[in-house]
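Have a look at the structure below, then the notes.
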Amino acid sequence: ASRTAYIDRIHTSYENVLGKNNVDVIKGFARFVDAKTLEVNGETITADHILIATGGRPSHPDIPGVEYGIDSDGFFALPALPERVAVVGAGYIAV
Numbered sequence: 767a768s769r770t771a772y773i774d775r776i777h778t779s780y781e782n783v784l785g786k787n788n789v790d791v792i793k794g795f796a797r798f799v800d801a802k803t804l805e806v807n808g809e810t811i812t813a814d815h816i817l818i819a820t821g822g823r824p825s826h827p828d829i830p831g832v833e834y835g836i837d838s839d840g841f842f843a844l845p846a847l848p849e850r851v852a853v854v855g856a857g858y859i860a861v
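For the sequence shown, counting from 1, position 33 maps to 799 in the working numbering; every step adds exactly one.
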């Protein structure tokens, strides 16, 4: 629960900073109609400047034995810490 609360606080912090800078946050699935127009969840949005924050998901490498591992989401959801851990990856979570 603490990881979820931490991530929620980060998201809220980002949205507050964006809001204070007159940036409208629109969540959804989007596609470009032209250079200044997006269609987001069926609604047309036009702006001079568009910032797209896609977020991220854990990736699963194509290596033997990957089926025996878990990604960072699964690791942080474990009910207890394992005795030993090997971290494979080069992203900010693995580093």
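Where a beta carbon is used, it is the ideal one built from N, C-alpha and C, also for glycine.
Please check the pair residue i and residue j, which I expect to be a contact at CB under 8 Å, by giving their CB distance rounded to whole angstroms.
i, j, result
"P824", "D837", "3 Å"
"I792", "I811", "6 Å"
"K802", "A813", "6 Å"
"F795", "N807", "6 Å"
"F842", "R769", "5 Å"
Please report the residue range of the alpha helix (DSSP H) in which residue i lies.
i, result
"I773", "768 to 786"
"D839", "838 to 842"
Is DSSP giving residue i helix, strand or coil here?
i, result
"E833", "helix"
"D800", "strand"
Specify, as a first and last residue, the run of the beta strand (DSSP E) that residue i falls within.
i, result
"L804", "803 to 806"
"T810", "809 to 812"
To which residues of the same chain is residue i closer than 8 Å at the C-beta, ignoring the five residues directly before and after it?
i, result
"I773", "none"
"G831", "none"
Skipping 5 residues on each side, what residues in its chain have a beta carbon closer than 6 Å to that of residue i?
i, result
"A860", "V853"
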